[in-house]
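Student: Numbering (mature numbering (1 follows the signal peptide of the UniProt record, and there is no 0)), first residue to last: -19 to -1, 1 to 322.
We put the beta carbon where it would ideally sit given N, CA and C, even for glycine.
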């Protein structure tokens, strides 16, 4: 089935390439004739021809009675001709030139609609793509442009449709943030994952992704051993989303399996040769080797050679700290070029 879709896309692309020749508009046409022919082309879905005539009308008769209408219909013709950048440019130009025009709300609406459909190209129409996993740049632009329309012209006839599209876009943007948060969980970037989850909870209220954001926060805080924050997030999740997929019989089940941080030697020998336990933050194998060597050497010193205080008791010295230079490395580290540090 996908092969058929790809063949259809190739045929459409070749057809568009063959039909992209520039049309020459008769210079003897009057303003009324140009406008009537452009309207006829729009009715016949000949958007390339309509675009050429509308541009000619605007340039030849910039102060004519059809000039403003031609600019508005040029936005629509570019949009239908799959030229989103040209459509947005025409809409922005109309808004800049005619901010008080009675139909300027149409320009705002078409600007948002062009961004809304910009991601839904040929591939998205014929192939099963998940739009929530794609770059949300155009969706974010569309949301902001529809927001301008609804805030400036709340009584516009285009406002109800814009509000419905904003709901869809808001859900899409929230889902995208959750996908990014899950990616951070798989990469063990738990702080970044928790921040993304909290961003969804704080900025995308009343979207289906709020429960997912709480689940991400719970899982990330558990991995970071921030028990208080994890408990708070989990209780909020249970209270507001008791049927969330991450809750099984009231217990939280992480969506991402805990990473295997064993050494490659332990993994390839199926645990027969276990490596030493994971190091605490800021600790190194070389540091542990130096401390162990120092401790062994100190224990080997006879008690009568150790320093004594005034009462004759042995004075215990503090253990050395890591110096972080090559002198702290063990002989084993030197022999293996630091591979097993």
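Below 8 Å, can you find three or more Cβ-Cβ pairs linking the segment 126 to 136 to the segment 152 to 163?
Tutor: No, the segment 126 to 136 is not in contact with the segment 152 to 163.
Student: With a Cβ-Cβ cutoff of 9 Å, do residue 30 and residue 22 count as a contact?
Tutor: As a working note, residue 30 is residue 49 in the chain shown. As a working note, residue 22 is residue 41 in the chain shown. Yes, Cβ-Cβ distance for residue 30 and residue 22 is below 9 Å.
Student: Determine the direct distance from the alpha carbon of residue 118 to that of residue 220, and round the result to whole angstroms.
Tutor: Counting from one through the chain shown, the residue named residue 220 turns up at place 239. Counting from one through the chain shown, the residue named residue 118 turns up at place 137. Between residue 220 and residue 118, the C-alpha separation is close to 34 Å.
Student: Give me, in chain order, the residues of the same chain whose beta-carbon lies closer than 8 Å to that of residue 218; leave out the 5 immediate sequence neighbours on both sides.
Tutor: Translated into positions along the chain shown, residue 218 becomes position 237. Answer for residue 218: 192, 195, 196, 199, 225, 227, 228 and 233, listed in chain order.
Student: Could you check where the alpha helix (DSSP H) with residue 130 kicks off and where it finishes?
Tutor: Walking along the chain shown from the start, residue 130 turns up at place 149. Taken as a continuous stretch (DSSP letters only), the alpha helix (DSSP H) holding residue 130 covers 118 to 133.
Student: Start and end of the alpha helix (DSSP H) containing residue 185?
Tutor: Counting from one through the chain shown, the residue named residue 185 turns up at place 204. First-last for residue 185: undefined, no H or E at that position.
Student: So for residue 233, helix, strand or coil by DSSP?
Tutor: Here residue 233 corresponds to residue number 252 of the chain shown, with the count starting at 1. Reduced to three states, the DSSP call for residue 233 is strand.
Student: Check for me: the alpha helix (DSSP H) holding residue 294 runs from which residue to which?
Tutor: For the purposes of this step, residue 294 is identified with residue 313 of the chain shown, where counting begins at 1. Segment: none, residue 294 is in no alpha helix (DSSP H) and carries neither H nor E.
Student: If you draw a straight line from the C-alpha of residue 216 to the C-alpha of residue 147, how long is it?
Tutor: Taking the first residue of the chain shown as position 1, residue 216 is located at position 235. Taking the first residue of the chain shown as position 1, residue 147 is located at position 166. Cα-Cα distance, rounded: 30 Å.
Student: DSSP state of residue 17, grouped into three classes?
Tutor: Residue numbering aside, residue 17 sits at position 36 when the chain shown is read from its first letter. It is helical.
Student: I'd like the list of long-range same chain contacts for residue 182, defined as Cβ closer than 8 Å, with 5 residues on each side in sequence excluded.
Tutor: Locating residue 182 in the chain shown gives position 201, counting from the first residue. Here the set comprises 191, 194, 195 and 198.
Student: Run the CB neighbour count on residue 349, radius 10 Å, all protein chains shown included, and call it buried at 16 or more, exposed below.
Tutor: The requested residue 349 does not occur in the structure, where the chain is confined to residues -19 to 322.
Student: So, residue 122 versus residue 96, is the Cβ gap smaller than 9 Å?
Tutor: Your numbering for residue 122 matches position 141 in the chain shown. Your numbering for residue 96 matches position 115 in the chain shown. Against a cut-off of 9 Å, the Cβ pair of residue 96 and residue 122 comes out as a contact.
Student: Relative to the C-alpha of residue 158, which candidate in 177, 166 and 13 has its C-alpha closest?
Tutor: The residue given as residue 158 occupies position 177 in the chain shown. With distances taken between Cα atoms, residue 158 lies closest to 177.
Student: When DSSP labels each residue in this structure, what does residue 205 get in the three-state scheme?
Tutor: Locating residue 205 in the chain shown gives position 224, where the first residue counts as 1. Coil.
Student: Going by the DSSP bridge assignment, what does residue 228 pair with across the sheet?
Tutor: Counted from its first residue, the chain shown places residue 228 at position 247. DSSP lists 233 as partners of residue 228.
Student: Report the three-state DSSP secondary structure of residue 159 (helix, strand or coil).
Tutor: Counting from one through the chain shown, the residue named residue 159 turns up at place 178. Reduced to three states, the DSSP call for residue 159 is helix.
Student: Just the Cα atoms here: how many angstroms apart are residue 222 and residue 54?
Tutor: Translated into the one-based positions of the chain shown, residue 222 becomes position 241. Translated into the one-based positions of the chain shown, residue 54 becomes position 73. In a straight line, the C-alpha of residue 222 is about 48 Å away from that of residue 54.
Student: Which term fits residue 135, buried or exposed, when burial requires 16 or more other beta carbons within 10 angstroms of its beta carbon?
Tutor: For the purposes of this step, residue 135 is identified with residue 154 of the chain shown, where counting begins at 1. By the neighbour-count rule (16 or more Cβ atoms within 10 Å), residue 135 is not buried but exposed.
Student: Taking the C-alpha atoms as reference points, what is the distance between residue 163 and residue 231?
Tutor: Residue mapping note: residue 163 aligns to position 182 of the chain shown, counting from 1. Residue mapping note: residue 231 aligns to position 250 of the chain shown, counting from 1. One C-alpha to the other measures close to 22 Å.
Student: What number of angstroms, rounded off, separates the C-alpha of residue 61 from the C-alpha of residue 77?
Tutor: Your numbering for residue 61 matches position 80 in the chain shown. Your numbering for residue 77 matches position 96 in the chain shown. When rounded, the distance between both Cα atoms is 22 Å.
Student: Quick check: what's the CA-CA separation for residue 12 versus residue 144?
Tutor: Along the chain shown, one-based indexing puts residue 12 at 31. Along the chain shown, one-based indexing puts residue 144 at 163. Using only the alpha carbons, I get a separation of about 38 Å.
Student: Go through its chain and collect everything with a Cβ distance to residue 237's Cβ below 8 Å, but skip five positions before and after it.
Tutor: Along the chain shown, read from residue 1 onward, the residue named residue 237 stands at position 256. Hits under 8 Å: 163, 166, 167 and 200.
Student: Report all residues from its chain with a CB closer than 6 Å to the CB of residue 88; omit the five preceding and five following residues, and keep chain order.
Tutor: As a working note, residue 88 is residue 107 in the chain shown. 72, 75 and 76, listed in sequence order.
Student: Counting C-beta neighbours from all protein chains within 10 Å, is the total for residue 282 16 or more, i.e. buried, or is it exposed?
Tutor: For the purposes of this step, residue 282 is identified with residue 301 of the chain shown, where counting begins at 1. The residue in question, residue 282, is exposed, as its Cβ has fewer than 16 Cβ neighbours within 10 Å.
Student: Give the secondary structure of residue 276 by DSSP, where H, G and I count as helix, E and B as strand, and everything else as coil.
Tutor: Numbered from its first residue, the chain shown carries residue 276 at position 295. Here residue 276 sits in helix by DSSP.
Student: Please state whether DSSP places residue 66 in a helix, a strand or coil.
Tutor: Residue numbering aside, residue 66 sits at position 85 when the chain shown is read from its first letter. Looking at residue 66 - three-state DSSP - the assignment turns out to be helix.
Student: Considering only C-alpha positions, which residue in the set 40, 202, 133 and 70 is nearest to residue 83?
Tutor: Here residue 83 refers to the residue found at position 102 of the chain shown. Ranking the options by Cα distance to residue 83, first place goes to 133.
Student: Only counting the same chain, and skipping five residues up and downstream in sequence, which positions put a Cβ closer than 7 Å to that of residue 348?
Tutor: With the chain represented from -19 up to 322, any question about residue 348 goes unanswered, as that position is not in the structure.
Student: Please go through the same chain and pick out, in chain order, the residues whose beta-carbon is closer than 6 Å to the beta-carbon of residue 171, but skip the five residues on each side of it.
Tutor: As a first step, residue 171 must be located in the chain shown, where it is residue number 190. 201, 204 and 205, listed in sequence order.
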